[in-house]
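Everything in the sequence shown is counted per numbering that gives the first Met the number 0, starting at 0 for the first residue and increasing by one. Where is the CB? At the ideal position from N, CA and C, for every residue including glycine. Every value quoted in this text rests on a predicted model; they were computed, and no experiment measured them. Reviewing the structure listed below.
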Amino acid sequence: MPNPPTSRDVARLAGVSQATVSYALTGRGTIAAATRERVLRVAESIGYRPNLAARSMRTRRSGRLAVVTGATLDNQLRLLAGAGEVAEAAGFVMETHTVDGTVEERTARVCDLAGSRQYEGILTLVPVLPEALSEPSDDAPAGQDDGATPVVAEATFDEQMRTLGDLADASTVEVFVEALVAAGYRRFVHVAGPEQFASARARRDVYVTSVARAAADPATPDVVSLGVLGGSWSGDDARRAVAEIPADALPVAVVAANDFLAAGVLRGAAERGWSVPGDLVVTGWDNVEMGAFMMPSLTTVAVDFPEAGRAVMRRLVAAIRGEPRPGPGRPIHRIVWRESSGDLPGVAPGPAPGPPR
0 MPNPPTSRDV ARLAGVSQAT VSYALTGRGT IAAATRERVL RVAESIGYRP
50 NLAARSMRTR RSGRLAVVTG ATLDNQLRLL AGAGEVAEAA GFVMETHTVD
100 GTVEERTARV CDLAGSRQYE GILTLVPVLP EALSEPSDDA PAGQDDGATP
150 VVAEATFDEQ MRTLGDLADA STVEVFVEAL VAAGYRRFVH VAGPEQFASA
200 RARRDVYVTS VARAAADPAT PDVVSLGVLG GSWSGDDARR AVAEIPADAL
250 PVAVVAANDF LAAGVLRGAA ERGWSVPGDL VVTGWDNVEM GAFMMPSLTT
300 VAVDFPEAGR AVMRRLVAAI RGEPRPGPGR PIHRIVWRES SGDLPGVAPG
350 PAPGPPR
């Protein structure tokens, strides 16, 4: 029977010293991220785990957390940055594992990571099957687990890296509708995103519910929805959707599902000779940088992805320590009121861009 691989084997194959192997496996010391990743790949490829597993069994401490994610996109990088802040403050080194493939393949990978005993906890930001999940049992001493590596699922993205959960919350749309009704607007249109996106569905549903609630209010019985238009993330589709708004319906409040759709609405309004604000008021979502520089500047929703990352990492740290699940943190959605929604009662518009330097 062949001898099990050793840290010396890992060092030789990775082209590093044994001290570097130790630093990579324990999260201690200062080594380049690329070096750590190379050492971990070599260790995994030859099945080297015994020393780290023994250390984990003795101390229940490795100082390392794993975060499992899918294709790395800009919003996800911002979320991971927030998660890393909380991990570091709690005394952990956070490592990310990008896992593509089916939910079954991701589940198998998470189970492998948990079984390696290399990590004190694992956070998955993409969906996995329930068999991959484990948290400390209720009778485990505080701050310890019962032998299983805590695996916490905070599915903020689906298989195609579309936002889910708190990130897809759309309750802010209700604030838009209520503020615009209070300002005297009675006709509304929603320019929707694609049906397969949870965030787009949520924004559409909250829009429909909010306008129906306003119409049912005896004080505003003349509130009406002129429809849900669009159905893609294409600004050009949003531009064409404006052509469906009856000219005799003005003024109209347009709630767009994101800033690119709102930009298409502004273009469509200009092509019809309509003013914004005036004939139309327009709101977007995502607070993309260009929105502040449009004419008019775009009212929108800023999404705090770093804070979303901090929140999910706090839940993993609490699971590792045997602490109660943290309550809600600060809101991750914030309205940025700008020129495209006009002057609204009790609403202070956001600052306009400063003059060129």
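Contacts around residue i, its chain only, beta-carbon distance under 6 Å, and the 5 residues preceding and following it disregarded
| i | result |
| --- | --- |
| R238 | G263, R266, G267 |
| A167 | A197, S198, A201 |
| G290 | D258, L297, T299 |
| V20 | S6, V9, A10, V38 |
| L12 | V41 |
| G277 | none |
C-alpha distance - residue i paired with residue j, whole-angstrom precision
| i | j | result |
| --- | --- | --- |
| A255 | P330 | 21 Å |
| T97 | R271 | 47 Å |
| G326 | V251 | 39 Å |
| L260 | D221 | 27 Å |
| G361 | T219 | The shown model of the chain, from 0 to 356, leaves out residue 361, and the question about it has no answer. |
| T171 | V300 | 8 Å |
| A32 | E153 | 25 Å |
| L132 | S115 | 15 Å |
| T148 | E322 | 15 Å |
| A191 | V207 | 11 Å |
| P4 | V15 | 16 Å |
| F304 | Q75 | 8 Å |
| I319 | Y47 | 25 Å |
| S55 | A113 | Note on S55: pLDDT 46, under 50, position unreliable in the model; the coordinate value appears next. One C-alpha to the other measures close to 12 Å. |
Option nearest residue i by Cα separation, candidates the options
| i | options | result |
| --- | --- | --- |
| E119 | R324, D221, L315 | L315 |
| D99 | E194, L279, V109, V188 | V109 |
| R309 | L79, R185, V38 | L79 |
| I365 | D247, V302, V241 | Residue 365 lies beyond the range of the chain shown here (0 to 356); nothing can be said about it. |
| A86 | L279, D73, L112, L122 | L122 |
| E43 | V174, D111, M289, R324 | D111 |
| P126 | A18, V102, P276 | V102 |
| N286 | Y206, L279, L297 | L297 |
| A213 | G230, E243, E194, L179 | L179 |
| A88 | V20, R63, V151 | R63 |
| F292 | P276, R337, A18, V150 | R337 |
| V205 | Q195, D216, A169, E194 | A169 |
| A317 | V150, R77, E36, E130 | V150 |
Distance CB(residue i)-CB(residue j) smaller than 8 Å
| i | j | result |
| --- | --- | --- |
| D258 | W232 | no |
| T68 | L124 | yes |
| V188 | L228 | yes |
| A82 | V66 | yes |
| V210 | V176 | yes |
| A182 | G341 | yes |
Residue i: first and last residue of the uninterrupted beta strand (DSSP E) it sits in
| i | result |
| --- | --- |
| F304 | Not the beta strand (DSSP E): F304 falls in the alpha helix (DSSP H), residues 304 to 320. |
| A68 | The sequence given here places Thr at residue 68; Ala does not occur at that position. Taken as a continuous stretch (DSSP letters only), the beta strand (DSSP E) holding T68 covers 63 to 68. |
| F187 | 186 to 191 |
| G229 | 223 to 229 |
| E94 | 92 to 97 |
| L279 | 279 to 282 |
| A152 | 150 to 152 |
| T123 | 120 to 123 |
| R333 | 332 to 335 |
Alpha helix (DSSP H) segment containing residue i, residue limits
| i | result |
| --- | --- |
| A268 | 258 to 270 |
| A82 | 73 to 88 |
| A255 | Note, A255: premise wrong, no alpha helix (DSSP H); beta strand (DSSP E) at 251 to 255. |
| A214 | 197 to 215 |
Residues of its chain near residue i, where Cβ-Cβ distance is below 7 Å and the 5 sequence neighbours each way are ignored
| i | result |
| --- | --- |
| E306 | G81, G328, R329, I331 |
| V241 | V264, G267, A268, R271 |
| V275 | L265, A268, V281, P295, S339 |
| E243 | L228 |
Contacts around residue i, its chain only, beta-carbon distance under 8 Å, and the 5 residues preceding and following it disregarded
| i | result |
| --- | --- |
| D165 | T155, A307, A310, I331 |
| T58 | Confidence at T58 is low in this model, with a pLDDT of 45, below 50, so its placement is unreliable and the value that follows should be read with caution. Answer for T58: no residue qualifies. |
| R313 | V85, P325, G328 |
| V223 | R185, R186, F187, V210, A214 |
| L128 | V102, E103, T106 |
| G234 | F259, L260, A262, G263, R266 |
| V174 | I334 |
| G90 | G62 |
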